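Q: Before we start, here is the structure in question, set down as structure tokens.
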Amino acid sequence: MRAHTRIGFILLLTPLVLWLGLLIIIPHIDMFLISIRERISFGVYETSLAQYEKALTEPLYLRTFWRTAVMSVLATAITLVIAFPVSYYIAKMAKGRLQQVLFMLCLIPFYVSELVRTFGWMILLRETGLVSNLLQWAGLADQPVEMLYNDAAMMVGLVYTSMLFMVVPLVTTLESLDDSVIEAGYDLGGSGLSVLREIIIPHAMPGIVSGCIVVFMLSLGNYLTPTMLGGKDSLWFTEMIYNQFIVRSNWELGAAFGFMLLVLSSVIVWGMLRLTGRTLQETMG
Amino acid sequence: MIPTIPQSRSFRLIYGSYVLLFFLYLALPLTVVAVFAFNDSQFPSLPWEGFTWNWFFGDERPQIGVFHERGILRAVGTSAFVAMCVALLSVCVGTTNAFLFNRYEFRGKGLLYVLMLLPLVIPGIVLGISILVFSSTLANGIWDLAQMDIQALRPGLLLVILGQFSFITTIATLVITARLQKFDRTLEEAALNLGATRLTAVRTITIPFLMPAMIGAVVVAFLMSFENFNTTLMLVGSDAPLTIAMFDRLKEGSTPLLNAVSLLLMLGSSLLALVVILFQRR
């Protein structure tokens, strides 16, 4: 490199290195270091795996950890199943203006804060809410029905919150599928189902993978929806992190929880990429 | 299953109504929030007590409107300030990152690119606590060394800004890189041939070309920062941004005041989004 390009290179590299180093890499290392220490007495710490031992032996912690993982996978699957037909409709069935309008309509709710969306579901589902009143009016219930504070309500909220991140990649990949390929599938004697299975889904795979990864990440890391819509039994792992850090000031255990969440999400994302033979650059970039 | 392949009537009917139901599902919560902002009652729920503007303009108890509610207005100001800082910072760093990845070949580029994407796959809460932990380690270290208490490193606005910046920069980088890749390098070379220095060429040719993407990134970063909840929750000090302030109120029970704030938020962000779309069209 010549002298001036070298200076330019260093000038451009510095902000990147500062950003990643000071805000991403070192903080995570520090968090790991905190998670492997144990408080012996005031200001005296010892390196040990006590926090992880506690996290892995306490039934409540372990249960919440797996529950969060399983529920996030479930939320991702439901989001995919709901979003796929809609994305297909937008990408392939709707044409011209209608297509653009439908796509825009999908985007609008997500320009609004997650808090507002959750608030909307609370108004709908709570005891004095609209759905409860509607059921009473229709004669399906004879007293107010509480529909908030359970897993189903939480699931509705989770699916709603991350819908966009499934629809957009799906629409983008489905749009790139040529109509004539689908027609050829039918011409060769394929039924609707076999065309879907052999042509459309394989083509949409990149979109499905990136949509699933993002939705899974968002569900796993969600705090607001489980807190506001979920019940006593729907404790989410992020709530436990928050409780240890802010409510109990037990940073060691909280850091261990944080690290477990990070490992869980990395393993699942990595696994999904491995399964489909794709790289993070292709999926996110 | 494309328009050129005939489908049975009932199939089309079912498919169409499914899509319709989906859009109802999307619109329902937001509509409800918006409508109850005008309910003349203490609760955002049925029964409907009549139409009122009081939750926007009211200045008497019990119906104090948004525009007379100090706490909310201050929170909006805090959010706007944070979002402005985050947007500017992340677009600056995003632009330098885009140039770095677009213009230079160096060892470890692939690794750096993956590291650059990483903040997108780290849960927001984890980002928040890791920065919280590190800044307090720093603050404690400085205290032990020099007996100085650096307030800025304790939970507060600076940490909120840094926390949001840490992942919004990735998005800004992606947006700006996408545009820079479409840039025709020969334009810059022509400027150099005509006697411009490198910096002048970049400033007068490349940056104007990047402007739509940069403005788009500013708006996206602003919106993301304004709406951010998870990372902010872990780093917030005594000055709460709007989402945190609303969350605190929501926990205590809600009045239609929150609906009014939400409706204004919806209008504000759709307006911004519209501006971006119109800008990108041109």
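Going down the list, the sequences are from chains A and B. Everything in the first sequence is counted per the numbering used here, starting at 1 for the first residue and increasing by one. Everything in the second sequence is counted per the numbering used here, starting at 1 for the first residue and increasing by one. By construction, the Cβ of each residue, glycine as well, lies at the ideal position given by its N, Cα and C atoms. Only a predicted model underlies this, so the values are computations on that prediction, with no experimental measurement involved.
(1) Answer yes or no: do A256 of chain A and S35 of chain A have a C-beta to C-beta separation smaller than 8 angstroms?
(2) Residues of chain B with CB under 9 angstroms from I40 of chain A, in chain order?
(3) For L80 of chain A, which residues from the same chain have a beta carbon less than 8 angstroms from its beta carbon, with the 5 sequence-adjacent residues on both sides left out?
(4) If we require 4 or more residues per run, which alpha helix (DSSP H) segments fall completely within the segment 227 to 265 of chain A?
(5) Would M214 of chain B pass as an interface residue toward chain A - the criterion being a Cβ-Cβ separation below 8 angstroms?
(6) Assuming contact is defined by CB atoms lying nearer than 8 angstroms, are T206 of chain B and F183 of chain B in contact in what I supplied?
(7) Report the neighbours of P144 of chain A on chain B: residues whose CB is nearer than 8 angstroms to its CB, in chain order.
(8) Output, in sequence order along the chain, the residues in the segment 199 to 226 of chain B whose CB is closer than 8 angstroms to any CB in chain D.
(9) With H, G and I counted as helix, E and B as strand and the rest as coil, what does DSSP make of E127 of chain A?
(10) Would you say G124 of chain B lies against chain A (beta-carbon separation less than 8 angstroms)?
(11) Of all the residues that make up the segment 260 to 271 of chain B, which are near chain A by a beta-carbon distance shorter than 8 angstroms?
(12) Can you find the residues in the same chain that come closer than 6 angstroms, C-beta to C-beta, to R179 of chain B, ignoring five residues on each side of it along the sequence?
(13) Is any non-hydrogen atom of the ligand GDP found closer than 7 angstroms to the C-beta of N222 of chain A, if you look at the structure I gave you?
(14) With contact counted as at least three CB pairs below 8 angstroms, one residue from each stretch, are the segment 225 to 241 of chain B and the segment 187 to 206 of chain B in contact?
(15) When the Cβ atoms of the segment 32 to 46 of chain B are set against those of the segment 219 to 231 of chain A, are three or more pairs found closer than 8 angstroms?
(16) Of all Cβ atoms in chain B, is any one closer than 8 angstroms to the Cβ of F286 of chain A?
(17) Should F51 of chain B be labelled buried (16 or more other beta-carbon atoms within 10 Å of its own) or exposed?
(18) From the DSSP output, read off the bridge partner residues of T57 of chain A.
(19) Find out if the Cβ-Cβ distance for the pair R126 of chain A, L148 of chain A is shorter than 8 angstroms.
(20) Assuming E38 of chain A is part of the beta strand (DSSP E), what are its boundary residues?
(21) At the level of alpha carbons, what is the spacing between L273 of chain A and L280 of chain A?
(22) Which bits of chain A does T96 of chain B rub up against, with CB to CB less than 9 angstroms?
(23) Over what stretch of residues does the alpha helix (DSSP H) that includes T47 of chain A continue unbroken?
(24) Does DSSP classify F23 of chain B as helix, strand or coil?
(25) Start and end of the alpha helix (DSSP H) containing D151 of chain A?
(26) Hey, out of B:L127, B:E49, B:V91, whose CA is closest to H28 of chain A's CA?
(27) Residues in the segment 227 to 240 of chain B with C-beta within 8 angstroms of chain A's C-beta atoms, listed in sequence order?
(28) Would you identify the three-state DSSP class for F43 of chain B, choosing helix, strand or coil?
(29) By Cβ distance, which residues of its chain are closer than 7 angstroms to I199 of chain A, with the 5 residues on each side in sequence left out?
(30) From M84 of chain B to R61 of chain B, what distance separates their C-alpha atoms?
(31) Can you grab the Cα-Cα spacing for the pair R103 of chain B / L159 of chain B, in whole Å?
(32) Among A:A91, A:M260, A:G189, whose alpha-carbon lies nearest the alpha-carbon of C106 of chain A?
(33) Report the partner residues of F51 of chain B according to the DSSP bridge assignment.
(34) For T169 of chain B, decide whether its Cβ has a neighbour in chain A, counting only Cβ atoms nearer than 8 angstroms.
(35) Note the first and the last residue of the continuous alpha helix (DSSP H) segment covering R179 of chain B.
(36) Count the CB pairs spanning the segment 132 to 140 of chain A and the segment 114 to 121 of chain A that are closer than 8 angstroms, and state whether there are at least three.
A: This is what the structure holds:
(1) yes
(2) Simply none; closest approach about 17 angstroms.
(3) M166, I208, G211, C212, V215
(4) 237 to 242
(5) no
(6) yes
(7) Simply none; closest approach about 10 angstroms.
(8) Structure shown: chain D not included; protein chains present are A and B.
(9) coil
(10) yes
(11) S262, L265, M266, S269, S270
(12) L210, A213
(13) As for the ligand GDP, it is missing from this structure, which has no ligand bound.
(14) no
(15) no
(16) Outside the displayed range of chain A (1 to 285) lies residue 286 of chain A, so it cannot be described from this structure.
(17) exposed
(18) Paired residues: none, contrary to the question.
(19) yes
(20) 37 to 41
(21) 7 angstroms
(22) L11, L12, L13, T14, P15, L16
(23) First-last for T47 of chain A: 44 to 47, but that is the beta strand (DSSP E), not the alpha helix (DSSP H).
(24) helix
(25) 151 to 175
(26) B:L127
(27) E227, F229, N230, L233, M234
(28) coil
(29) V181, I182, G185
(30) 33 angstroms
(31) 32 angstroms
(32) A:A91
(33) B:N39
(34) yes
(35) 157 to 181
(36) no
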